[in-house]
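Numbering (UniProt numbering), first residue to last: 1 to 329.
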Amino acid sequence: MRSQKKLNPLAAWILLFESGWKSFELRFKNILKNLAYHQDLVDKEATAFNLVEATSYRRKVEEEIAKAEQERESSHLQAVLAWLCVEDILQENNLWRLGEKRLDGTCDWIFNIPQYQAWLKNVDRSPLLWLTGSRGSGKSVFCAHITQKVQKIEQRATLFYYCLHKGDISDKPSIFLQTLVMQITRIYPEFAALIWDTYVQNAQLASNDNLQKLLPDLISGAPQVRIILDGIDEYDVKDCKLILDMLFKLQKKSPVAILISRRDEGLISAKMRKKPRILLNVKQHTVQKGMSIFVASRLDQAIEDYDLNLSDEMKAAGRDELLQKSGGR
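Given below as structure tokens:
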């Protein structure tokens, strides 16, 4: 009987493994390679996911911060406007009304006057310009036109105030200061935080004393500021002096260009006669031409509104009489 030899189980498994490994080795290496590749992809994907998550989170946080800052700025602004306790709608409406009075082809000549150019360009650190003329020479319309023109210039804040003689305003200088502070705060809402921190939350009053301290700080924080004051002589002498003194003190503390219109008469003229001025002389050709255009337009409008049948001679006579009364001839 032929002898049978038994395989060593351990050797058999080794042989089996070695024989099978030869064919599987390349595939196994490829599997390891693929695992390494996919591990790298997973790491990169995780990193990319984390980056996207971080970017999204940061954007969300920035949006929340911006929204919170905007809400806080709006809250501060509303609180400051309430603290000032003044309505500037009358000033805005008056500016619009006077602007509507101006007819095309009138008033533009003033922008070429050397005194105006020097005032506009801040030839002096804090220039002051007087706009003077007799009653009815169009000072308020000129002031409105200048205000609207300068308001369109970037990087310049234009504050304006029309001394309205109508209505019972007991403390005109206070209203004047409150209006200027309100206007510059509307132009630069970021100023509201300063006013809130310094005055509102500390229960400080919007008094003349506080506002005269505050306004120079606000003006110094703005790029360029213009103040246009019209009709100062509509107020009594006491109020005129107080308001003018406020403006002159303001100029000493901060760089601000001021334009003031008033009639060419009285104490104000004598006191400030050395300051540059533009005289709206009704005999001046440019003013006379503007008044002629204005009178002719208003006369034609009245004829149309009342359905009047007037000859050319009657129209001319009416126009001449109106010009005569206005000083335009």
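Glycine is no exception: its CB is placed at the ideal position from the N, C-alpha and C atoms.
In the pairwise beta carbon analysis, the segment 217-225 is classified as touching the segment 184-203: at least three pairs are separated by under 8 Å. In this structure W96 is exposed. Its beta-carbon is surrounded by fewer than 16 other beta-carbon atoms within 10 angstroms.
With a 10 Å radius around the Cβ and a threshold of 16 neighbouring Cβ atoms, D233 comes out buried. By the Cβ test, the segment 100-112 is in contact with the segment 130-147, since at least three Cβ pairs between them sit closer than 8 Å. Counting along the chain, T158 sits inside the beta strand (DSSP E) bounded by residues A157 to Y162. Closest by C-alpha distance to A79, out of E92, K249 and Q204, is Q204.
Distance from the CA of F160 to the CA of I89, rounded to the nearest whole angstrom, comes to 12 Å.
By the C-beta criterion, the segment 257-265 is judged to be in contact with the segment 122-132, since at least 3 inter-stretch pairs fall below 8 Å.
Between R263 and Q115, the C-beta spacing is not below 8 Å. For L229, the enclosing beta strand (DSSP E) stretches over residues V225 to D230. L205: not part of any beta strand (DSSP E); DSSP gives it neither H nor E. In this structure, K172 is the residue among S140, A192, L98 and K172 with its C-alpha nearest to the C-alpha of L244. Taking 8 Å as the cut-off, the Cβ atoms of L242 and L211 do not count as close. Distances from the CA of T179 to each of V86, A317 and Q201 were compared; the closest alpha carbon is that of V86.
The alpha-carbon of L98 is positioned some 33 Å away from that of S75.
Per the DSSP secondary-structure output, S261 pairs in a beta bridge with L131. Looking at the backbone, the Cα of A157 and that of S140 are separated by about 20 Å.
In the DSSP annotation of this structure, the continuous segment of the beta strand (DSSP E) that includes R277 starts and ends at R277 to L280.
For E154, the closest C-alpha among the options L120, R135 and L164 is that of L120. Each residue's CA atom was taken as its position, placing K275 and P127 some 9 Å apart. Contact check for M246 against L81 fails: the beta carbons are separated by 8 Å or more.
A residue is called buried when at least 16 other Cβ atoms come within 10 angstroms of its Cβ; V150 meets this threshold and is buried. Shown here, E92 sits in a helix according to DSSP, grouped into three states. For the pair Y162 and D239, the CB atoms are not nearer than the 8 Å cut-off. Sequence-distant partners of Q148 (beyond 5 residues in either direction) whose C-beta falls short of 8 Å from its own C-beta, in its chain, are L95 and G99. G136 is classed as exposed because its beta carbon has fewer than 16 other beta carbons within 10 Å across all chains shown.
Distance from the CA of L215 to the CA of L250, rounded to the nearest whole angstrom, comes to 8 Å.
Taking all protein chains in view, the Cβ of I227 is crowded by 16 or more other Cβ atoms within 10 Å, so the residue is classified as buried.
Burial check for I175: the Cβ neighbour count within 10 Å reaches 16 or more, so the residue is buried. Here Y188 carries a coil assignment [DSSP, helix/strand/coil].
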